[in-house]
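Colleague:
Structure representation (structure tokens):
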């Protein structure tokens with residue numbers, strides 16, 4: 001009788017234990033963070049984040065994420081991003097706010113915004129800064145290294161050397177609104193009708209890093225040597 005009760009208890013415990021961590025890969029480890037949460041739960045240093053997790057930062061907060069192997073991200077205030085598994089490494093989609101990320105040779109990181117993607121252009125280490133200036137306007141800066149920005153809907157790519165920035169706007173219009181609208185879209189650099197409702201259209205390349213002065217940069221000093229002692233394992237710097 002006791003053996004049956006023990007077996008029943010073991011089965012109940014097995015059923016009650018969530019199975020998703022075993023099948024859902026770990027993506028990141030949280031570093032020092034303030035006013036940050038994942039699915040409504042306060043984000044604490046050392047917490048493990050998984051594929052599909054949403055990280056949200058409050059109005060006066062910030063968050064640090066380590067992907068391992070020298071790759072990491074720093075989220076600014078009022079930022080939301082989703083972690084996404086990428087065949088070649090780590091990816092995240094920025095939904096609002098601003099983020100600085102470091103991609104390493106050992107573990108590539110890709111930033112995504114609607115149908116646009118940002119990654120190292122040569123596979124070497126690089127630091128990128130991505131930030132919403134308005135709900136439909138984003139500025140991307142190559143803070144260190146060489147980055148490649150690509151948009152899927154028109155198969156275009158923009159190469160960003162260190163210190164260069166590109167400005168993008170979000171086109172959310174219905175592609176069936178008429179020829180006038182289609183003409184405007186093509187003039188702005190978009191492709192033919194029938195595209196998705198969320199497309200990033202590159203409109204200007206800004207030479208130099210002056211964009212950082214208008215509030216899109218976020219605590220890139222957190223990637224510097226002076227802050228190493230404040231970061232927890234597995235944060236590593238080359």
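Numbering (our numbering), first residue to last: 1 to 238.
Note that the Cβ used here is the ideal one computed from N, Cα and C, for glycine as well.
(1) Report the three-state DSSP secondary structure of residue 23 (helix, strand or coil).
(2) Leaving aside the five residues before and after residue 45 along the sequence, list all residues of the same chain whose C-beta is less than 8 angstroms from its C-beta, in chain order.
(3) Measure the alpha-carbon distance for residue 55 versus residue 82 and round it to whole angstroms.
(4) Expressed to the nearest angstrom, what Euclidean distance is found between the alpha-carbon atoms of residue 75 and residue 36?
(5) Looking only at DSSP bridge pairs, what is residue 144 linked to?
(6) Short of 8 angstroms in beta carbon distance, which residues of its chain neighbour residue 124, apart from the five on each side in sequence? Order them along the chain.
(7) Distance, Cα to Cα, residue 112 vs residue 118?
(8) By Cβ distance below 6 angstroms, which residues in the same chain neighbour residue 110 in space, the five residues on each side in sequence not counted?
(9) Quick one: residues in its chain with C-beta nearer than 7 angstroms to the C-beta of residue 48, no 5 flanking neighbours on either side, listed in chain order?
(10) Can you tell which of 99, 97, 107 and 101 has the C-alpha that lies nearest to the C-alpha of residue 68?
(11) If distances are taken between C-alpha atoms only, which option among 52, 161, 101 and 70 comes closest to residue 63?
(12) Going by DSSP in three states, residue 44 sits in which element: helix, strand or coil?
(13) Consult DSSP for residue 66 and reduce its assignment to one of helix, strand or coil.
(14) What's the C-alpha gap between residue 94 and residue 122?
(15) If you compare alpha carbons, which of 79, 53, 130 and 61 is closest to residue 142?
(16) So, for residue 71: in the same chain, excluding its five sequence neighbours on each side, which residues have a beta-carbon less than 8 angstroms away from its beta-carbon?
(17) Give me the DSSP bridge partner(s) of residue 110.
(18) Using the Cβ count rule (16 or more neighbours within 10 Å means buried), how would you classify residue 134?
(19) Measure the C-alpha to C-alpha separation of residue 57 and residue 78 and round it to an integer number of angstroms.
(20) Would a C-beta distance cut-off of 8 angstroms place residue 96 and residue 132 closer than the cut-off?
(21) How would you label residue 59, buried or exposed, when you count the other beta carbons within 10 angstroms and need 16 or more for buried?
(22) Across which residues does DSSP place residue 86 in a beta bridge pair?
(23) Please determine, among 162, 24, 160 and 128, the residue with the shortest C-alpha to C-alpha distance to residue 73.
Modeller: The relevant details are as follows:
(1) As a first step, residue 23 must be located in the chain shown, where it is residue number 23. Under the three-state reduction of DSSP, residue 23 is assigned to helix.
(2) Counting from 1 along the chain shown, the entry for residue 45 is found at position 45. For residue 45, where only same-chain residues beyond five positions count, the Cβ hits under 8 angstroms are 30, 31, 32, 33 and 232.
(3) As a working mapping, residue 55 is identified with position 55 in the chain shown. As a working mapping, residue 82 is identified with position 82 in the chain shown. Taken atom to atom, the span from the alpha-carbon of residue 55 to that of residue 82 is near 6 angstroms.
(4) The count along the chain shown starts at 1 and reaches residue 75 at position 75. The count along the chain shown starts at 1 and reaches residue 36 at position 36. Spanning the two alpha carbons is a distance of roughly 9 angstroms.
(5) Taking the first residue of the chain shown as position 1, residue 144 is located at position 144. DSSP lists 127 as partners of residue 144.
(6) If you number the chain shown from 1, residue 124 lands on position 124. Cβ neighbours of residue 124 beyond the five flanking positions: 105, 145 and 146.
(7) Here residue 112 refers to the residue found at position 112 of the chain shown. Here residue 118 refers to the residue found at position 118 of the chain shown. So the alpha carbons of these two residues sit roughly 6 angstroms apart.
(8) Indexing the chain shown from 1 puts residue 110 at position 110. Sequence-distant partners of residue 110 (beyond 5 residues in either direction) whose C-beta falls short of 6 angstroms from its own C-beta, in its chain, are 86, 91, 117 and 119.
(9) The count along the chain shown starts at 1 and reaches residue 48 at position 48. The answer, listed in chain order, is 26 and 29.
(10) Residue numbering aside, residue 68 sits at position 68 when the chain shown is read from its first letter. Comparing Cα positions, the closest option is 107.
(11) Working through the chain shown from its first residue, we reach residue 63 at position 63. Considering only 52, 161, 101 and 70, the residue with the shortest C-alpha distance to residue 63 is 101.
(12) The sequence position of residue 44 within the chain shown is 44, counting from 1. Looking at residue 44 - three-state DSSP - the assignment turns out to be coil, as it is neither helix nor strand.
(13) Numbered from its first residue, the chain shown carries residue 66 at position 66. Shown here, residue 66 sits in a strand according to DSSP, grouped into three states.
(14) Position 94 of the chain shown, counted from the start, is the residue given in the question as residue 94. Position 122 of the chain shown, counted from the start, is the residue given in the question as residue 122. If I take the Cα positions, the gap works out to 22 angstroms.
(15) In the chain shown, counting from the first residue as 1, residue 142 sits at position 142. Nearest C-alpha to residue 142: 130.
(16) Counting from one through the chain shown, the residue named residue 71 turns up at place 71. In the same chain as residue 71, and ignoring 5 residues on each side of it, the C-beta atoms closer than 8 angstroms to its own belong to 89, 90, 101, 102, 103, 104, 106, 107, 108 and 109, in chain order.
(17) Position 110 of the chain shown, counting from 1, holds the residue named residue 110. Paired residues: 91.
(18) Taking the first residue of the chain shown as position 1, residue 134 is located at position 134. Per the 10 Å Cβ criterion, exposed.
(19) Position 57 of the chain shown, counted from the start, is the residue given in the question as residue 57. Position 78 of the chain shown, counted from the start, is the residue given in the question as residue 78. Going by the C-alpha atoms only, they are around 5 angstroms apart.
(20) What you label residue 96 is simply residue 96 of the chain shown in a count that begins at 1. What you label residue 132 is simply residue 132 of the chain shown in a count that begins at 1. Yes.
(21) As a first step, residue 59 must be located in the chain shown, where it is residue number 59. That one is exposed.
(22) Counting from one through the chain shown, the residue named residue 86 turns up at place 86. Under the DSSP definition of a beta bridge, residue 86 partners with 89.
(23) Here residue 73 is taken as the residue at index 73 of the chain shown, counted from 1. For the residues 162, 24, 160 and 128, the minimum Cα distance to residue 73 belongs to 128.
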